[in-house]
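Novice: Please read through the structure below; I'll follow up with questions.
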Amino acid sequence: MEIVNWIIDSLLLVVHVFFSFAPRLVGLTILASATGAAMLWVFGRTGNQERMNQVKRRVQAGLLELRVFVDEPAISLHAQRGLIAANLNYLALALRPALWMAVPMALLLIHLEAFYERAPLPLAEPALVTMRMTADWIPSAPPPVLITPCNVAILGPPVRVAASREVSWRILPYSPVSDKLLFRFNSQEVAKWMEAGDRQRYVTGRRVRSRWEAILSPGESRIRSNFAEWIEIRYPSAELRIFGFHVNWLVWFLIVSMAAALLLKKRFGVVI
Amino acid sequence: MKVCLALLTVAFLMTSACANHATRAAGKRMIVLGIDGMDPVFVETHFVDLPNLNQLRQRGSFRRLATTIPPQSPVAWSSVITGMDPGGHGIFDFVHRNPTTRMPVSSMAETTEPTRSLAIGPYLIPLSGGGVRTLRAGRAFWQTLDEHGVRSSVIRMPANFPPAECEADSLAGMGTPDMTGSFGSFSFYTDDPAEKREKVPGGQIVRISLRNGRAELAIPGPPNQMRSDHQATSVELAVSVDPTEQTARFDTQGRQFILQQEEWSEWVQAEYSLIPHVNSVRGTFRVYLQQAHPYLRIYVSPVNIDPEDPALPISTPRDYSRKLAGAVGPYYTQGIAEETSAFRAGILSKAEFLVQSRKVLADNLKMFRYELERFQDGLFFYYFSSVDQNSHMLWSRYDSDLLEIYRAVDRAIGQAVAKAGTDTPLLVISDHGFAPFNRAVHLNSFLMREGFLALDDPSKTGDEELFTHVDWSRTLAYAIGLNGVYVNLEGRESGGVVPEADKQMVLERLAKRLAEFKDPDTGEKVVERVYFPEEAFRGRNLKYSPDLLVGFRRGYRASWQTALGAVPRVVLEDNVQAWIGDHCMASDQVPGVLFSNRPLRTDAPHLWDITASILGEFGVPKTNGMIGRSVF
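Chains as they are written, first to last, in the working numbering: chain A, 1 to 272; chain B, 273 to 904.
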């Protein structure tokens with residue numbers, strides 16, 4: 001799984017670097033358009049286009065029937081039944097391409113979070129770093145030692161949360177940082193990447209130990225040491241402004257990718 | 273034809289009049305700073321430490337500013353707002369009483385229920401009506417300025433909740449409630465077995481128990497207006513305490529923060545659900561970790577209305593509070609933001625209170641500088657609460673701490689003087705001064721001793737509020753609020769026994785007794801003056817006026833128990849609470865201050881003259897009911 005994560009991240013980083021001269025919106029829009037086109041292609045290749053065309057014609061016929069025989073209740077009712085059946089048929093036909101698309105799309109969106117969901121830590125504002133310890137952790141024992149880059153301060157002692165096996169630190173970056181936090185415990189070490197400053201960049205929220213969780217938390221390799229299950233930095237949400245309005249990046253991504261698919265369907269010869 | 277000509281002439285005259293006002297007001301500027309509770313004697317004693325006020329005195333003018341009867345902030349600031357005396361604007365105290373039930377009610381605003389609503393299960397969807405409205409009569413001076421095309425910014429004006437409707441930028445000040453609808457209800461959570469109390473004035477004390485180092489605190493929010501039972505809302509704040517260190521982590525609604533011992537959090541936003549996933553309101557609060565070990569002690573401030581998404585109107589235009597928060601960050605919206613109640617209750621120490629009150633002042637100064645910087649023309653009014661609230665807790669005992677607050681405000685005044693330059697008139701006013709509060713007077717106990725009030729069982733004296741044991745069939749008069757005495761009048765009070773014809777006789781007898789009232793410990797007179805509203809006020813809006821207003825001598829004040837209708841055993845006792853300074857006395861004992869960068873025409877200005885001066889400066893005529901004269 002780590003290899004898959006690495007490949008997707010590398011591809012996205014290339015796109016990100018390529019469009020780094022422009023506002024984030026530009027990269028996101030181009031990425032969404034390309035995704036829309038790719039998904040359209042997958043839809044065309046994996047769906048039964050002939051059957052879909054037939055079903056669409058049945059829907060059109062049903063709609064025409066409704067308009068023409070508006071004064072004939074029996075025919076209208078029959079047409080409505082036909083429409084419902086055709087729609088169900090269409091959904092069934094769309095299921096196969098949807099299943100083909102679901103996994104790569106979900107993976108892509110998870111990876112895009114690191115680019116568009118999170119913003120680096122603001123300077124001179126405290127932030128929380130939390131480590132979930134493994135089950136054999138004793139809360140009353142001394143906590144892991146956190147070593148920060150020179151431009152990041154640790155505010156006070158950590159809090160050991162017995163109920164959830166967590167240790168939380170408060171850190172304060174006072175100049176831009178793109179460096180590692182180092183945690184030392186029982187002569188073992190583990191690191192977590194941190195980002196702080198104004199410039200939007202690749203920001204990973206959580207580094208994990210479990211293989212399954214690594215799917216949901218890509219961006220950093222899995223934790224190898226056996227004292228921590230995950231390490232998380234609470235980053236603020238990134239802002240995406242379109243015409244002065246705050247828009248969630250995911251909403252914009254889905255709108256643009258769907259619009260791209262609709263615009264390109266004739267050129268690709270795909271029925272959707 | 274004649275009719276047409278007449279109409280044209282009238283139209284021409286009206287247009288000319290408006291144009292004339294606009295021309296006179298165009299480009300004019302004025303700055304007014306309201307410093308609640310700034311005392312003339314304290315200022316005179318410390319002029320050397322207050323260079324900007326001293327300079328204003330030397331280069332401009334300094335007078336004592338006569339205050340209202342009674343000298344209470346909502347009353348006094350309402351006079352500044354309207355240019356009327358209390359008989360005009362109808363505010364006589366922090367609390368009025370409902371004549372029928374004799375229960376205390378807010379004097380400044382009232383909430384009304386929707387007139388039509390749709391019931392769906394336990395929920396009640398309001399369809400029309402309902403809301404909150406001011407009880408102050410008269411037009412606010414900035415509404416009048418607005419009508420004449422004068423722009424104004426009126427920031428944190430007291431007794432202006434909900435804010436007077438107009439185009440001006442305004443933010444409500446003292447009188448703005450917290451999310452629970454009170455003037456400020458704090459919550460204190462502890463597992464300390466020594467803390468036995470549950471309710472204290474201004475807050476609640478909640479017993480908690482830690483399980484595996486964790487406890488869940490319910491932070492109270494507003495009553496749910498969307499439910500027929502108005503069930504109280506709350507949000508959960510989970511606290512996890514470190515096993516040995518004096519530090520804890522807090523989790524609420526997806527947000528986390530860490531506090532060390534004796535540390536305040538930043539503002540925490542809380543979303544109170546009214547209809548799950550459909551409707552909610554937002555509040556903000558601050559958390560103070562007083563102690564983590566050996567016992568957990570957590571103080572949570574009253575939940576303020578969130579300025580970024582206010583649940584109630586706190587500004588005009590409505591989105592002004594949001595814009596302000598965007599510019600200066602989140603801020604206190606609660607009218608009285610200093611945590612005096614917690615200090616009084618012994619939950620916060622003096623040092624802790626000072627830290628918190630400095631946060632309020634810092635908030636205030638940040639907003640002041642931002643708005644002063646933005647100010648271009650028209651009127652700029654800004655209000656500071658810190659001198660008043662700190663004087664209540666520090667007066668005459670901790671002068672150096674109080675002087676620090678005066679100094680901070682003096683620096684702000686210096687910035688306003690610089691902004692005003694030579695062409696802009698500047699006024700610095702306070703609504704009243706201060707005096708020590710050494711002895712607490714239980715007015716209801718005095719009334720009982722003098723035969724004006726009776727209990728159903730004379731042994732049932734005590735601190736029980738709301739006249740619990742009063743026998744109304746044998747009671748002629750009762751006290752509620754901080755300066756008011758009411759006759760138990762037949763036809764007005766439910767079960768009233770004093771006929772209208774006897775009212776004056778009862779009042780005169782009572783006034784005589786009050787004038788003779790002496791402190792048995794010192795032999796001093798307790799009451800300086802007694803005021804009859806018909807004589808004291810020019811206005812006749814006396815619906816909520818007390819029948820008699822008691823002007824205490826310096827050092828004496830109505831007790832807290834009196835304010836809410838209790839009848840303790842003794843008539844007078846030493847004030848041993850942390851609230852050691854006050855001003856609810858005879859008004860001539862506690863005048864305010866008036867500084868200006870211009871010469872003043874009058875030697876004895878009054879609060880309502882300020883209103884006339886502001887309108888006069890912009891060439892705007894006084895409105896009906898205004899009684900002041902310009903000081904320039």
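Note that beta-carbon positions come from the ideal geometry of N, C-alpha and C, so glycine has one too.
1) Any C-beta of chain B sitting closer than 8 Å to the C-beta of A:SER168?
2) Going by beta-carbon coordinates alone, are B:ILE577 and B:GLY601 separated by less than 8 Å?
3) Starting from B:HIS664, follow the alpha helix (DSSP H) in both directions and report where the run begins and ends.
4) Closer than 8 Å, CB to CB, is A:PRO139 near chain B or not?
5) Whose C-alpha, out of A:PRO126, A:HIS246 and A:LEU250, is nearest the C-alpha of B:GLN528?
6) Does the Cβ of B:GLN833 have 16 or more other Cβ atoms within 10 Å, making it buried, or fewer, making it exposed?
7) Per DSSP, which one or two residues make a beta bridge with B:ASN551?
8) Strictly below 9 Å CB to CB, what residues from chain A border B:ILE530?
9) Can you list the residues of chain A that B:ALA597 reaches, using a CB-CB cut of under 8 Å?
10) Measuring only between beta-carbons, confirm whether A:ALA163 sits less than 8 Å from chain B.
11) In the DSSP assignment, what are the bridge partners of A:SER168?
12) Suppose you measure from the CA of B:GLN532 to the CA of B:ASP523; what does that come to, to the nearest Å?
13) Can you tell me the Cα-Cα spacing of B:TRP414 and B:PRO435, whole angstroms?
14) Nearest CA to the CA of B:ASP463: which residue from B:ILE477, B:SER457, B:GLY453 and B:PRO473?
15) When burial is assigned at 16 or more other CB atoms within 10 Å of the CB, is A:TYR174 buried or exposed?
16) Taking the beta strand (DSSP E) that B:VAL681 belongs to, which residues open and close that run?
17) Please classify B:ARG870: does DSSP put it in a helix, a strand, or coil?
18) Can you tell me whether B:CYS438 is buried or exposed? The criterion is at least 16 other CB atoms within 10 Å of its CB, across all chains shown.
19) Below 7 Å on C-beta distance, what does B:THR519 contact in chain A?
20) How is B:ALA707 classed by DSSP in three states: helix, strand or coil?
21) Please decide whether A:ARG234 counts as near chain B, where near means a Cβ-Cβ distance under 8 Å.
22) Would the beta-carbon of B:ILE570 fall within 8 Å of that of B:LEU489?
23) For B:SER481, count the other beta carbons within 10 Å of its own beta carbon; 16 or more makes it buried, fewer makes it exposed. Which is it?
24) If you compare alpha carbons, which of B:ASN847, B:TRP851 and B:ARG810 is closest to B:GLY359?
25) Of the residues A:LYS180, A:LEU28, A:ILE154 and A:ALA38, which one's Cα is nearest the Cα of B:ILE530?
26) From this set, A:SER20, A:ILE8, A:PRO122 and A:PHE21, which residue's C-alpha is nearest A:GLU195's C-alpha?
27) Reducing DSSP to helix, strand and coil, say where B:SER717 ends up.
28) Taking C-beta pairs closer than 9 Å, name the residues in chain A that B:ARG486 reaches, listed in chain order.
29) Give the residues from the segment 455–469 of chain B that approach chain A closer than 7 Å (Cβ to any Cβ), ordered along the chain.
30) Straight-line CA distance for B:GLY853 to B:THR612?
31) Alpha carbon to alpha carbon, what distance is there between B:ASP743 and B:TYR758?
32) Can the beta-carbon of B:PRO574 be found closer than 8 Å to that of B:LEU596?
33) Could you give the first and the last residue of the continuous beta strand (DSSP E) run that contains B:GLN368?
34) Along chain A, which residues have their Cβ under 9 Å away from the Cβ of B:PRO515?
35) Going straight from the alpha carbon of B:ILE427 to that of B:GLY309, what length do you get?
36) What are the start and end residues of the beta strand (DSSP E) that includes B:GLY306?
Specialist: For this structure:
1) yes
2) no
3) 658–666
4) yes
5) A:PRO126
6) buried
7) B:ILE547
8) PRO126, LEU128, LEU155, GLY156, PRO158, VAL159, SER168, TRP169 and ARG170
9) Within chain A, no residue comes near B:ALA597; the closest Cβ sits about 15 Å away, beyond 8 Å.
10) yes
11) A:THR130 and A:VAL159
12) Cα to Cα, the separation comes out at about 15 Å.
13) 11 Å
14) B:ILE477
15) exposed
16) According to the DSSP assignment, B:VAL681 belongs to no beta strand (DSSP E) but to the alpha helix (DSSP H) extending over 671–692.
17) coil
18) buried
19) Below the 7 Å Cβ cutoff, chain A contributes GLY156, PRO157 and VAL159 as neighbours of B:THR519, in chain order.
20) strand
21) yes
22) yes
23) exposed
24) B:ARG810
25) A:ILE154
26) A:PRO122
27) helix
28) VAL161, ALA162, ALA163 and SER164
29) Nothing from the segment 455–469 of chain B brings a Cβ to less than 7 Å from some Cβ of chain A.
30) 12 Å
31) 15 Å
32) no
33) Per the sequence shown, residue 368 of chain B should be read as His rather than Gln. Unbroken beta strand (DSSP E) run through B:HIS368: 367–369.
34) PRO139, SER140, ARG160 and ALA162
35) 17 Å
36) 301–307
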